[in-house]
Structure formats: structure tokens, C-alpha cells
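Novice: For reference, the structure I am asking about is given below.
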Amino acid sequence: MAPQVTRREALGGAAAALLLASCAGGDAPPGGGPRPGSGAALFGSLLALQRAAVAAYAACEEVLRGDELAVARAIREQEDAIAGRLAVVLTGLGVDPPPGRSREEYARTFPRLRSAADALHFADDLEQRQLRAYLEALTELPAPGSRATAADIGATQAAHLAAVRLLEGLPAAQGPFVTGAL
Amino acid sequence: MAGRSDRELLEDLLALESRLVSAYEAALRRDAVDRSLGEALLAQEREHVAALEKTLGGGADRNPRATVPSPELTGSLRSRAAFASFAERLEASAVTAYAEAASIIRDARLRQPLGSIMACEAAHRVALRDARGERSLVV
């Protein structure tokens, strides 16, 4: 039997492609000279992810209305603030934050969002991948202070994911362990 | 939490989880939380307790289970709105505690799993706010 790909999976796959492209060289590398082992490269990747998320929510807002639109806007504003926070972190590590792409460049990599359901599925997948990235960073960042930053932002992404899931009519928490159990 | 051993960090988290379990058990007994929501949150907190106990290898050095409800918990059981506010504060404490533990625990293999529980507690906060009719984001 030929494999079937659901619309949700297709949207999720597109989101994955977007995020991988954002983190794997699509954006300019951080400028300046990072200290070896500082975690600057990882923070640079997380910043690229954040900027893609801001653009993604802007795309979602075009098809959302009412409460859903209000939540998406609030999340986009917080994602933008997190991007600013990461740029400050990079500067503190001795790295010039990369410039990022234009909104149009990001938009070309997004799936076509025809409905509110499409947008919420896209946002759900985006938040899951962001959350996973920050939790993975906990094992990779060398300094406790850097890990605290990743954990704090990860908690915010978890709240975003929960808010999106509620809009989808799903339970806020998908399970006791979001990306891996003890 | 800084300067504490990994075991002490995990025991502190276990104590916090036990408070959450006690709170949801009491709320369900007193109908102070929507049954479906309360049972879902309680089941997940119990999973966290079991995971922490397993990681500690059984026999935590201290008995974290509170046997007498705190006055704050007792007071919160008068209404669903009051309990949701109380539980949200408790969940917020858990998010903070897990974030700190995941950052400073020495055993790097435990950082991501602790982060995954932190994410679950953050989602619980959102669920409790939603139960109170609040759609504002928790950050």
C-alpha cells in the first residue's frame, strides 16, 4: 500500500523543512569572533529559529480571526522579544548577531495556509520544534547561565504550545514528558 | 538551589511534585476543579513523581509527602476559581524549580528530561488559566 500523507503531516513536514533551513545555513552565520565552547553557535541557530517563528506567526495571522488571532499576535510579540534577548546574549558572547532574512524570504518557505486549522497545525508543529530545540540546548550549552536562559525560554515556548493546543481543541499538555522521560 | 547535590535537587523536585499531587487529590475530592482537567493534571503529576522516585533509586532521604494540607490549600478549596489560582501559583513554582534544576544539575543526562517536565508544568499553568476563563499568555 502506498504511504498516505495527511494534510497535517504535510504541513508539519513543511514546517520542519523551514526550521531546518533556518538553522542549517540559510541565514548568515554569526559575525565576530565567538569564544570556543561559548555556545555562541548554538545561540545563533536558536536566533535563526526565533526569527523564522516571528515570520511564521505573521503568516498565520493572515488567516486567523478573533481569539485565535489575538493569541497568535501575542505569541508573535513574545517570539520577537525572545529574538531580541538572544541577540543580546550573542553580543555578550562577543558575537555580532546575524542579520536574518526578510519576511518575504521566510514566507517562501512556508506551507500555504488556507484556513485557521492549517495555521494552528503549523503553529503547533513550530512550537514543538522550538521547544525541542531549547530543551536539547540544555544538554549542549556549556555554562549554567546559558542553560538557564535556554530553560527560561523553553518554558515560554511550552506555554505557547499549550495555548495553541487549546485553540485546536486539544488538552494543553500533550503528556507528562514533552520531549523525553527521566 | 545552587551548591546542592544532584540528589538534593531531585528530592526538592519530588517534594514539589508531592504537593501538586496532594493539591489535585484534595481538589477532586472537594469538587474544586473540573473533574476531567483535575484527573488529567493529577495523572501527569503522578507520572512525574514516579519518574523522580525511579531516578532517585527509591528511598528518598526525606519523606516529602505532606500529610496535613497547608492553610493556603484548604482556603483555595472553597471555589474552583480560588483553587485554579492556587494551583497556578504552585505550577509556576514548579516551572521555576525545574528550570533552575535543569540548568545546574551536574548529570547532563538529566537536563533534558527535567526540561520536559518543566514544559509540562508550564502547560498546566496555561490550562489552569484557561479554566478561569483567561486567555492571556503565561510567560
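Residue numbers (my numbering), protein chains in the order written: chain X, 1 to 182; chain W, 183 to 321.
We put the beta carbon where it would ideally sit given N, CA and C, even for glycine.
1. Applying a beta-carbon distance threshold of less than 9 angstroms, which residues of chain X neighbour W/Glu-229?
2. Determine contact between the region 189–207 of chain W and the region 224–240 of chain W, defined as no fewer than three beta-carbon pairs at a distance below 8 angstroms.
3. Indicate whether at least one CB of chain X lies closer than 8 angstroms to the CB of W/Ser-267.
4. Can you give me the C-alpha to C-alpha distance between X/Gly-145 and W/Ser-285, rounded to a whole angstrom?
5. Using the rule of at least 16 other Cβ atoms within 10 Å of the residue's Cβ for burial, across every protein chain shown, is X/Asp-125 buried or exposed?
6. Taking DSSP as the reference, what is the three-state secondary structure of X/Val-95?
7. Given that a residue counts as buried once 16 or more other Cβ atoms are within 10 Å of its Cβ, and exposed if not, what is X/Arg-147?
8. 8 angstroms is my cut-off, CB to CB: does W/Gly-297 come that close to chain X?
9. Mind pulling the chain X residues with CB within less than 8 angstroms of W/Val-308?
10. Hey, does W/Val-277 have any beta-carbon neighbour from chain X nearer than 8 angstroms?
11. Please identify the residue among X/Phe-122, X/Gly-100, X/Gln-128, X/Ser-102 whose C-alpha is closest to the C-alpha of X/Phe-110.
12. Classify W/Gly-257 as buried or exposed, calling it buried when 16 or more other Cβ atoms lie within 10 Å of its own Cβ.
13. Expressed to the nearest angstrom, what Euclidean distance is found between the alpha-carbon atoms of X/Glu-140 and W/Ile-299?
14. Quick check on the DSSP output: the alpha helix (DSSP H) that includes W/Arg-217 runs from which residue to which?
15. With distances taken Cα to Cα, identify the nearest neighbour of W/Ala-269 among W/Arg-307, W/Ser-252, W/Glu-235, W/Glu-316.
16. Using only alpha-carbon positions, find the residue among X/Thr-149, X/Leu-167, X/Gln-174, X/Pro-176 that is nearest to X/Leu-42.
17. Measure the CB-CB distance between W/Ile-287 and W/Asp-216 and report whether it falls below 8 angstroms.
18. What residue range does the alpha helix (DSSP H) around X/Phe-177 cover?
19. Let me know the secondary structure DSSP gives W/Glu-303 once reduced to three states.
20. Please report how far the alpha carbon of W/Ser-154 lies from the alpha carbon of X/Ala-74, in whole angstroms.
21. At 7 angstroms on the CB atoms, spell out the chain X contacts of W/Ala-209, in chain order.
22. Starting from the C-beta of X/Cys-23, find all residues in its chain whose C-beta is less than 7 angstroms away, skip the five residues before and the five after it, and write them out in chain order.
23. In angstroms with no decimal places, state the Cα-to-Cα distance between X/Thr-6 and W/Ala-304.
24. How would you call W/Ser-261, buried or exposed, if buried means at least 16 neighbouring beta carbons within 10 angstroms?
25. Tell me where the alpha helix (DSSP H) around W/Arg-189 begins and ends.
26. Nearest chain W C-beta to X/Glu-61 closer than 8 angstroms, yes or no?
27. Is there a Cβ of chain W sitting closer than 8 angstroms to that of X/Gly-169, yes or no?
28. Taking C-beta to C-beta, are X/Thr-91 and X/Arg-132 nearer than 8 angstroms?
29. Could you check whether the Cβ of X/Pro-142 sits closer than 8 angstroms to any Cβ belonging to chain W?
30. Which residues of chain W have a Cβ atom closer than 7 angstroms to the Cβ of X/Asp-67, listed in chain order?
31. Is W/Gln-226 near X/Glu-136, with beta carbons less than 8 angstroms apart?
32. Kindly indicate which residue of X/Ala-81, X/Ser-102, X/Leu-86 has the alpha-carbon position closest to the one of X/Glu-55.
33. Please list the partners that X/Ala-151 has in chain W, where partner means a Cβ-to-Cβ separation under 7 angstroms.
Specialist: On the basis of the coordinates in this document:
1. Indexing the second sequence from 1 puts residue 229 of chain W at position 47. Those are Gly-175, Pro-176, Phe-177, Ala-181, listed as they occur along chain X.
2. Yes: the two stretches touch, three or more of their Cβ pairs being nearer than 8 angstroms.
3. Numbered from its first residue, the second sequence carries residue 267 of chain W at position 85. No, its Cβ sits nowhere closer than 8 angstroms to a Cβ of chain X.
4. Against the first sequence, residue 145 of chain X aligns to sequence position 145. Against the second sequence, residue 285 of chain W aligns to sequence position 103. A direct Cα-to-Cα measurement between X/Gly-145 and W/Ser-285 gives close to 7 angstroms.
5. Mapped onto the first sequence, residue 125 of chain X falls at position 125. Per the 10 Å Cβ criterion, buried.
6. Taking the first residue of the first sequence as position 1, residue 95 of chain X is located at position 95. Correct three-state label for X/Val-95: strand.
7. Along the first sequence, one-based indexing puts residue 147 of chain X at 147. Buried, because 16 or more other Cβ atoms sit within 10 Å of the Cβ of X/Arg-147.
8. The count along the second sequence starts at 1 and reaches residue 297 of chain W at position 115. Using a Cβ-Cβ cut-off of 8 angstroms, W/Gly-297 counts as an interface residue toward chain X, since at least one Cβ of chain X sits closer than that to its own.
9. Translated into the one-based positions of the second sequence, residue 308 of chain W becomes position 126. Simply Ala-159, Ala-162, Ala-163, Leu-166, Ala-172.
10. Locating residue 277 of chain W in the second sequence gives position 95, counting from the first residue. W/Val-277 has a beta carbon lying within less than 8 angstroms of a beta carbon in chain X.
11. Locating residue 110 of chain X in the first sequence gives position 110, counting from the first residue. Here the closest residue by C-alpha is X/Phe-122.
12. Taking the second sequence and counting its residues from 1, one reaches residue 257 of chain W at position 75. That one is exposed.
13. One-based indexing of the first sequence puts residue 140 of chain X at position 140. One-based indexing of the second sequence puts residue 299 of chain W at position 117. Rounded to the nearest angstrom, the two C-alpha atoms are 18 angstroms apart.
14. By 1-based counting over the second sequence, the position of residue 217 of chain W is 35. 217–238 is the extent of the alpha helix (DSSP H) around W/Arg-217.
15. Numbered from its first residue, the second sequence carries residue 269 of chain W at position 87. Residue nearest to W/Ala-269 within the set W/Arg-307, W/Ser-252, W/Glu-235, W/Glu-316 is W/Arg-307 (criterion: CA-CA distance).
16. For the purposes of this step, residue 42 of chain X is taken as the residue at position 42 of the first sequence. Nearest C-alpha to X/Leu-42: X/Thr-149.
17. The residue you call residue 287 of chain W lines up with position 105 of the second sequence. The residue you call residue 216 of chain W lines up with position 34 of the second sequence. It is not a contact, given that the beta carbons lie outside the stated cut-off.
18. Working through the first sequence from its first residue, we reach residue 177 of chain X at position 177. Here X/Phe-177 belongs to no alpha helix (DSSP H), and DSSP marks it neither H nor E.
19. One-based indexing of the second sequence puts residue 303 of chain W at position 121. Reduced to three states, the DSSP call for W/Glu-303 is helix.
20. Given that chain W is displayed from residue 183 to residue 321, the structure contains no residue 154 of chain W and the question cannot be resolved.
21. The sequence position of residue 209 of chain W within the second sequence is 27, counting from 1. Correct list: empty, because the minimum Cβ distance to chain X is about 17 angstroms.
22. The count along the first sequence starts at 1 and reaches residue 23 of chain X at position 23. Summary for X/Cys-23: the model assigns pLDDT 42, below 50, so the residue's position carries little reliability, and this model does not support an answer.
23. By 1-based counting over the first sequence, the position of residue 6 of chain X is 6. By 1-based counting over the second sequence, the position of residue 304 of chain W is 122. Because X/Thr-6 sits at a pLDDT of 45, beneath the cut-off of 50, its placement in the model cannot be relied upon, and the following sentence gives the value as read from the coordinates. Roughly 29 angstroms between the two C-alpha positions.
24. For the purposes of this step, residue 261 of chain W is identified with residue 79 of the second sequence, where counting begins at 1. It is exposed - the Cβ of W/Ser-261 has fewer than 16 other Cβ atoms within 10 Å.
25. Translated into positions along the second sequence, residue 189 of chain W becomes position 7. 188–211 is the span of the alpha helix (DSSP H), which, as asked, contains W/Arg-189.
26. Sequence index remark: in the first sequence, residue 61 of chain X carries index 61 (1-based). False, the Cβ-Cβ gap to chain W never drops below 8 angstroms.
27. Indexing the first sequence from 1 puts residue 169 of chain X at position 169. No, X/Gly-169 lies away from the interface with chain W (no Cβ there is under 8 angstroms from its Cβ).
28. By 1-based counting over the first sequence, the position of residue 91 of chain X is 91. By 1-based counting over the first sequence, the position of residue 132 of chain X is 132. Going by C-beta atoms, X/Thr-91 is not nearer than 8 angstroms to X/Arg-132.
29. Translated into positions along the first sequence, residue 142 of chain X becomes position 142. Taking CB atoms only, X/Pro-142 has no neighbour in chain W less than 8 angstroms away.
30. Translated into the one-based positions of the first sequence, residue 67 of chain X becomes position 67. Here the neighbours are Arg-317.
31. Residue 226 of chain W sits at position 44 when you count from the first residue of the second sequence. Residue 136 of chain X sits at position 136 when you count from the first residue of the first sequence. It is not a contact, given that the beta carbons lie outside the stated cut-off.
32. For the purposes of this step, residue 55 of chain X is taken as the residue at position 55 of the first sequence. According to the sequence provided, residue 55 of chain X is Ala. The question's Glu does not apply to it. Nearest neighbour of X/Ala-55 by Cα position, chosen from X/Ala-81, X/Ser-102, X/Leu-86, turns out to be X/Ser-102.
33. The count along the first sequence starts at 1 and reaches residue 151 of chain X at position 151. Ala-281, Ala-284, Ser-285, Gly-297, Met-300, listed in chain order.
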